[in-house]
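Peer 1: Counting from 1 along the sequence shown, just add 72 to a position and that's the residue number in our numbering. Beta carbons: idealized from backbone N, C-alpha and C, even for Gly. Starting off with a structure, shown below.
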Amino acid sequence: MAEGDARFGAASFQVVDPERIPAKRYYDEDFYRLECERLWPHVWQMACRLEQIPNVGDWIEYSNLGKSVIVVRTQSGVKAFHNACRHRGVQLARGHGNCEVQGFTCPFHGWRWNIEGKNTFVYGRRLFGEGQLDPAELALAPCRSEVQLGCVFINFDDEAPAFREIIGPLADRLDAHNVGQLRAEWWYATVLPANWKTAMEAFMEGFHVMRTHPQLQEILPSLYNGMYAGDAGGAKLSVRENIGAQIEHMVELNRGMAGQIHAKEIEIARQLVDVDLPEDPNQALMTWFSLVQAQITQQLRAKGEPVPDLNAVAVSDPLKAVEFIFPHYFLLSFFSSMASYRIRPLGPESCLFELWSLTFFPEGEEPEPPMAPLMLPYDSDQFPPIPRQDYSNIPEQQIGLHAEGFEFMRLAKDIEGLISNYQRVIDGYLQAAAPERLAKATQALGGNFDGPIVDLGL
Ligand code: FES
Ligand SMILES: [Fe+2]
């Protein structure tokens with residue numbers, strides 16, 4: 073680490089003990105600046121959902137930390153360009169639109185580009201010196217992009233390993249769940265007065281359900297206490313009572329999370345409340361879940377939805393309740409539908425937090441994609457109750473991190489490990505570790521929700 077320490081500089085607040093995360097990482101301005109310089113320009117960022125640009129010429133802007141990129145659907149696939157006129161740098165496009173016919177026109181002096189980024193018009197061409205109008209230099213500067221998981225990801229670093237080299241087997245597991253065919257039902261956003269990592273980490277364990285989401289814990293206390301308190305006791309439920317509680321839990325999760333579990337899936341589960349089950353309570357529950365998964369697969373496929381074989385993928389490509397695509401995108405799943413969240417820093421203690429509800433639709437019946445999020449205050453009762461409960465803690469935590477004598481967070485090493493692992497991958501970027509090592513370490517984050525601290529080889 074000695075070499076890394078030197079490069080890290082004075083403003084390190086590096087994670088030295090993996091079970092202790094220095095509080096200043098969440099608000100120190102120099103640390104934030106280091107992240108802006110050494111992390112964000114080198115990672116794959118979720119720029120848009122693919123269904124937002126279905127037709128040739130459709131484009132949408134993505135921006136983060138003052139850098140803006142235009143993502144365009146062209147004849148030859150999706151491309152991305154840095155959003156700056158090649159004359160004097162004015163941003164060419166804001167928001168979204170279609171440029172198939174007219175291309176992009178700079179609002180300052182009217183220079184133009186086609187959807188492939190080729191310059192098609194220079195006003196006052198004769199006024200420029202030789203060497204200023206080389207077509208290669210006038211072309212819009214390309215930004216790396218990859219279509220993955222139903223989204224377009226961009227990376228400002230031309231040397232960074234490809235998306236799949238970094239995200240690793242998790243991307244294959246998500247593919248097995250047909251994540252690329254999910255469509256957005258809605259898209260909300262809010263600004264949280266918290267560091268982006270404080271916000272991310274509120275979703276890296278289920279240990280907080282007992283206190284933060286008591287409505288879930290109350291329905292299935294044995295589930296949560298069994299996982300976190302080492303005590304699955306409580307009232308013993310009959311098999312039927314247990315099935316009833318499972319459905320109630322799903323209803324609460326649907327009310328609270330929308331996409332993570334869909335009403336149409338619960339309807340199918342309800343059809344199976346009286347089905348014959350083994351007497352052993354554990355076996356009964358497993359059998360019931362596999363019957364529910366089989367029926368969801370069968371009934372939604374019959375409607376034309378591209379649902380995977382849920383029982384098969386639960387074995388071959390299991391997903392945790394939350395799966396993180398480093399550094400700022402994650403998916404929450406239960407059966408076939410999902411919720412997805414993306415977080416962007418707005419400053420050391422402010423972030424933009426977005427939520428999508430995702431589900432499958434029969435081909436040809438997909439809804440119009442939302443093109444901009446519905447912006448709400450973070451305490452708005454328009455948010456589903458579960459993220460609203462999470463949002464109630466995050467700003468309070470951000471303030472508490474500043475308290476005198478609060479030097480570090482202490483983590484439960486086998487349940488809150490993802491927080492430590494994430495933070496140490498971030499340290500890897502801040503120390504400019506070799507890209508292959510960073511990729512290997514990042515792969516270790518997949519499937520680590522509620523998981524242990526692991527050796528990342530950094
Ligand atoms: S700055 Fe774009 S045409 Fe002049
Ligand atoms: Fe939560």
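#1: Run the proximity test for Trp185: is its beta-carbon closer than 6 Å to any non-hydrogen atom belonging to ligand 1?
#2: Quick one: measure Cβ to Cβ for Gly124 and Met443, integer angstroms, because I've assumed they're closer than 8 Å.
#3: Measure from the alpha carbon of Thr262 to the alpha carbon of each residue in Pro467, Leu404, Asn155, then state which is nearest.
#4: Using the three-state DSSP reduction, which class does Pro524 fall into: helix, strand or coil?
#5: Hey, would you say the C-beta of Asp522 is under 6 Å away from at least one heavy atom of ligand 2?
#6: Straight-line CA distance for Val323 to Ile187?
#7: Mind checking Leu199: buried by the 16 CB within 10 Å criterion, or exposed?
#8: Which value, in whole angstroms, describes the spacing of the CA atoms of Tyr413 and Phe425?
#9: In whole angstroms, what separates the C-alpha of Phe279 from that of Thr192?
#10: Please classify Asp206 as buried or exposed, where buried requires at least 16 neighbouring CB atoms within 10 angstroms.
#11: I want to see whether chain B comes within less than 7 Å of Gln287, judged by CB atoms only; does it?
#12: Tell me where the beta strand (DSSP E) around Asn155 begins and ends.
#13: Cβ of Asn354 within 7 Å of Cβ of Ile338?
#14: Which runs of the alpha helix (DSSP H) at least 4 residues long sit entirely within the segment 205-286? Give them in chain order.
#15: Does the Cβ of Phe331 have 16 or more other Cβ atoms within 10 Å, making it buried, or fewer, making it exposed?
#16: Let's see if you can read the secondary structure: which residues bound the beta strand (DSSP E) around Leu424?
#17: I need the boundaries of the alpha helix (DSSP H) containing Gly500, first residue and last residue.
#18: Thinking Phe521 and Ala393 are a contact (beta carbons under 8 Å), I'd like their distance in whole angstroms, please.
#19: For Pro457, collect the residues of the same chain with a Cβ closer than 7 Å to its Cβ; drop the 5 residues on either side in sequence, then sort them by chain order.
#20: Compute the minimum distance between the beta carbon of Cys171 and the heavy atoms of ligand 1, and state whether it is under 6 Å.
#21: How is Ile133 classed by DSSP in three states: helix, strand or coil?
#22: Hey, quick one: how far does the beta strand (DSSP E) through Gln117 stretch, first residue to last?
#23: Is His154 near ligand 1, with its Cβ less than 6 Å from a heavy atom?
#24: Exposed or buried, what is Glu488 when buried is set at 16 or more other beta-carbons lying within 10 Å of its beta-carbon?
#25: Assign Ile319 to one of three DSSP states: helix, strand, or coil.
#26: Over the uninterrupted alpha helix (DSSP H) stretch that includes Tyr104, give me the two end residues.
#27: Which one of Leu246, Pro126, Tyr99 has the shortest CA to CA distance from Ile397?
#28: Figure out for me which residue from Thr146, Ala165, Ser148 has the closest Cα to the Cα of Asn155.
Peer 2: Judging by the given coordinates:
#1: no
#2: Before going further, note that residue 124 is Gln rather than Gly in the sequence given. Confirmed, about 6 Å.
#3: A check of alpha carbon separations from Thr262 across Pro467, Leu404, Asn155 identifies Pro467 as the nearest.
#4: coil
#5: no
#6: 46 Å
#7: exposed
#8: 7 Å
#9: In a straight line, the C-alpha of Phe279 is about 57 Å away from that of Thr192.
#10: exposed
#11: Of the protein chains in the structure, only one exists, and it is not chain B.
#12: Element bounds for Asn155: n/a, residue is neither H nor E.
#13: Cβ distance not < 7 Å, so Asn354 and Ile338 don't count as in contact.
#14: 207-210, 235-239, 241-248, 268-273, 281-284
#15: Checking the sequence, you will find Gly at residue 331 rather than Phe. Here Gly331 is buried: its Cβ has 16 or more other Cβ atoms, across all protein chains shown, within 10 Å.
#16: 422-431
#17: 489-502
#18: 6 Å
#19: These residues qualify, in order along the chain: Arg327, Gly328.
#20: Outside the cutoff, so no.
#21: Checking the displayed sequence, the identity of residue 133 turns out to be Glu instead of Ile. Reduced to three states, the DSSP call for Glu133 is strand.
#22: 117-121
#23: no
#24: buried
#25: helix
#26: 101-106
#27: Leu246
#28: Ala165
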